[in-house]
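Encoded as structure tokens, the structure appears first; notes follow it.
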Amino acid sequence: MKLILDQVVARRGRWSFMAQGGFGSGIHLVTGDVGSGKSTLALIMARLFPPEQGAVRSEQILTVMLSAQFPEFYLTGLTVAEECVSWGLDADQILRAAGLCISTSTPPLCLSRGELKRLHLACILARQYDLLLLDEPFSSLDCSEKERLCTEISRRQDGITILFTHEQATFPHIDHIWEIADNCLVDCGVLPGALERWQHAPALVKKLVRAGRVPENLTSDNIREAACRTRG
Amino acid sequence: MITLDDICCRSLVIDHLEIPPGITSIIGPNGSGKTTLIRLCAGLLDPKTGTVLIDGKTPRQTETGYVNEFPDRNILFSTVNDELASPLRFCHIPCKEITEIITTHAGVLGISHLLGRRMQDLSGGEKVLVAFAAACITRPTLLTLDEYDSHLDATRCAAIEIVQRQSGAIYIVRCTQQMETAAAGDYLLFIDHGRTIRAGTPASVFSSLSGTPYYPLSWRCLV
Numbered sequence: 000m001k002l003i004l005d006q007v008v009a010r011r012g013r014w015s016f017m018a019q020g021g022f023g024s025g026i027h028l029v030t031g032d033v034g035s036g037k038s039t040l041a042l043i044m045a046r047l048f049p050p051e052q053g054a055v056r057s058e059q060i061l062t063v064m065l066s067a068q069f070p071e072f073y074l075t076g077l078t079v080a081e082e083c084v085s086w087g088l089d090a091d092q093i094l095r096a097a098g099l100c101i102s103t104s105t106p107p108l109c110l111s112r113g114e115l116k117r118l119h120l121a122c123i124l125a126r127q128y129d130l131l132l133l134d135e136p137f138s139s140l141d142c143s144e145k146e147r148l149c150t151e152i153s154r155r156q157d158g159i160t161i162l163f164t165h166e167q168a169t170f171p172h173i174d175h176i177w178e179i180a181d182n183c184l185v186d187c188g189v190l191p192g193a194l195e196r197w198q199h200a201p202a203l204v205k206k207l208v209r210a211g212r213v214p215e216n217l218t219s220d221n222i223r224e225a226a227c228r229t230r231g
Numbered sequence: 000m001i002t003l004d005d006i007c008c009r010s011l012v013i014d015h016l017e018i019p020p021g022i023t024s025i026i027g028p029n030g031s032g033k034t035t036l037i038r039l040c041a042g043l044l045d046p047k048t049g050t051v052l053i054d055g056k057t058p059r060q061t062e063t064g065y066v067n068e069f070p071d072r073n074i075l076f077s078t079v080n081d082e083l084a085s086p087l088r089f090c091h092i093p094c095k096e097i098t099e100i101i102t103t104h105a106g107v108l109g110i111s112h113l114l115g116r117r118m119q120d121l122s123g124g125e126k127v128l129v130a131f132a133a134a135c136i137t138r139p140t141l142l143t144l145d146e147y148d149s150h151l152d153a154t155r156c157a158a159i160e161i162v163q164r165q166s167g168a169i170y171i172v173r174c175t176q177q178m179e180t181a182a183a184g185d186y187l188l189f190i191d192h193g194r195t196i197r198a199g200t201p202a203s204v205f206s207s208l209s210g211t212p213y214y215p216l217s218w219r220c221l222v
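Chains as they are written, first to last, in numbering that gives the first Met the number 0: chain A, 0 to 231; chain B, 0 to 222.
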């Protein structure tokens with residue numbers, strides 16, 4: 000299973016960026032500054048935004064799901080129950096999965112932003128997709144929910160999962176890091192080596208790398224282990 | 000001092016709470032009442048019972064800047080320039096002065112390149128940056144920021160932290176799910192199930208949250 004970006008060029012007004020690379024099975028992390036084009040890249044990968052040049056090719060990818068940055072724009076039900084039904088899912092099961100103690104008759108737009116995000120992600124993660132694109136999945140989630148989401152993402156054994164995020168502290172086990180810098184998608188590579196090339200690494204990770212304690216991965220256990228490691 | 004007494008509003012119940020001048024961060028689980036508290040302080044909600052006073056004045060008598068947790072709900076005008084100019088126009092500031100203020104303010108926040116853009120064409124993070132710029136461009140007494148950092152990269156977060164300190168606001172009350180940001184404030188509130196569970200300096204509040212996911216990762220991993 001593979002998603003290939005073949006000399007992709009995207010343009011919006013005077014802004015443009017170029018992407019080249021192959022995304023295989025596993026969990027990929029894409030980072031970049033505000034306005035660097037992460038969401039546009041997610042749309043291109045989901046084939047919802049046509050590149051100006053180049054092509055997006057997929058091998059053995061039959062099902063694709065994009066979790067967009069702002070779930071409030073993609074609601075189709077007037078109540079939580081209707082919203083879940085619109086996904087073909089049972090509302091009570093979804094509320095349990097999301098850890099939400101609310102009535103199924105609650106209008107989704109009356110939920111707090113974090114609660115709405117949890118509902119949205121529970122609907123997305125209820126099914127398995129070959130290609131799962133998550134744009135800012137951690138935004139608005141509280142610390143416990145971020146950890147729970149990481150566990151859920153890590154459970155995905157098959158398929159390609161691509162996270163586009165500014166998150167600095169909570170990550171699942173990541174297989175491959177990419178970043179957008181100077182209007183280009185840069186392949187930082189697989190972990191742990193990628194951490195030494197990753198310009199957008201969280202401050203703590205950069206500090207550990209500088210101190211010669213490169214974490215094995217980005218989970219909080221990996222970071223703690225590296226911080227406590229005795230150099231020898 | 001911001002004082003809240005006998006508050007009952009939606010799920011939020013506060014007997015007595017004092018928020019000192021400086022940067023106060025509010026943390027807590029989703030749906031715990033953080034946004035309700037922010038909106039009470041900003042005067043966007045009236046409590047069913049109780050009072051909110053900011054140095055003896057009601058919130059609606061206080062100059063306040065507000066950033067909504069939903070980035071698109073901040074947008075009133077079609078262009079970035081109009082979005083920044085409008086709070087100044089409402090204050091009847093002369094046009095020439097408005098242009099100068101916008102140029103300086105946008106430069107400080109690193110958003111000069113966005114001034115000619117349409118709001119709807121901005122990314123989520125860019126919308127938040129513009130909303131933040133509009134909220135503090137009139138140098139309000141109180142700045143209320145609801146999860147403003149959830150779409151910002153680390154560099155922008157650090158820059159905005161400095162701008163907050165230089166904003167001239169006496170009170171900055173902000174919700175965040177980034178514990179490193181919360182740790183950088185002067186005062187910290189932890190809210191759960193509509194109640195203020197802990198209030199104090201970041202060191203004192205986080206010490207009571209040790210062993211929970213709310214404890215800052217950098218504090219667990221001193222390098």
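For every residue, glycine included, the Cβ atom is placed at its ideal position computed from N, Cα and C. Since this is a predicted model, take the numbers as computed values, not measurements.
Have a look at T169(A) and L151(B) and give me their C-alpha separation to the nearest angstrom.
15 Å
Express the C-alpha separation of S209(B) and D134(A) in angstroms, rounding to a whole number.
30 Å
Chain B beta carbons: is any one of them nearer than 8 Å to that of V7(A)?
no
Helix, strand or coil for H165(A), going by three-state DSSP, please let me know.
coil
Within-8 Å CB hit, Q71(A) to chain B
Checking the sequence shown, residue 71(A) turns out to be Glu, not Gln. Yes, E71(A) lies at the interface with chain B (some Cβ there is under 8 Å from its Cβ).
Continuous beta strand (DSSP E) stretch holding G31(A): start and end
G25 to G31
Of all the beta strand (DSSP E) runs that stay within the bounds of the segment 122 to 176 of chain B, which reach a length of 3 or more residues?
141 to 145 and 170 to 174
Span of the beta strand (DSSP E) holding I196(B)?
R194 to G199
Within chain B, the residues that A180(A) reaches when beta carbons sit closer than 8 Å
Near A180(A) there are no residues of chain B at all, since even the closest Cβ is about 12 Å away, more than 8 Å.
Quick one: which residues of the segment 49 to 81 of chain B get their C-beta closer than 8 Å to a C-beta of chain A? List them in chain order.
E68, F69, P70 and D71
Spell out whether any CB of chain B is found under 8 Å from the CB atom of A18(A).
no
Closest by C-alpha distance to R56(A), when choosing among S143(A), L4(A) and H175(A)
L4(A)
On the CB-based measure, 16 or more other CB atoms within 10 Å of its CB, does G231(A) come out buried or exposed?
In this predicted model, G231(A) has a pLDDT of only 49, less than 50, meaning its place in the structure is not dependable enough to derive any value.
Which bits of chain A does A153(B) rub up against, with CB to CB less than 8 Å?
H165, Q167, H199, P201 and A202
Which chain A residues are close to H104(B), counting only those with a beta carbon under 9 Å from its beta carbon?
Those within 9 Å of H104(B) in chain A number zero; the least Cβ separation is about 17 Å.
Please list the segments of the beta strand (DSSP E) lying wholly inside the segment 26 to 111 of chain B, counting only runs of 3 or more residues, in order along the chain.
48 to 53 and 63 to 66
Contact set between the segment 49 to 79 of chain A and chain B, restricted to residues whose Cβ is under 9 Å from the partner:
Q68, F69, E71 and F72
In chain order, what residues of the segment 139 to 167 of chain A put their CB closer than 9 Å to some CB of chain B?
S139, L140, D141, C142, S143, E144, K145, E146, H165, E166 and Q167
Backbone CA spacing between F137(A) and T103(A) [nearest angstrom]:
24 Å
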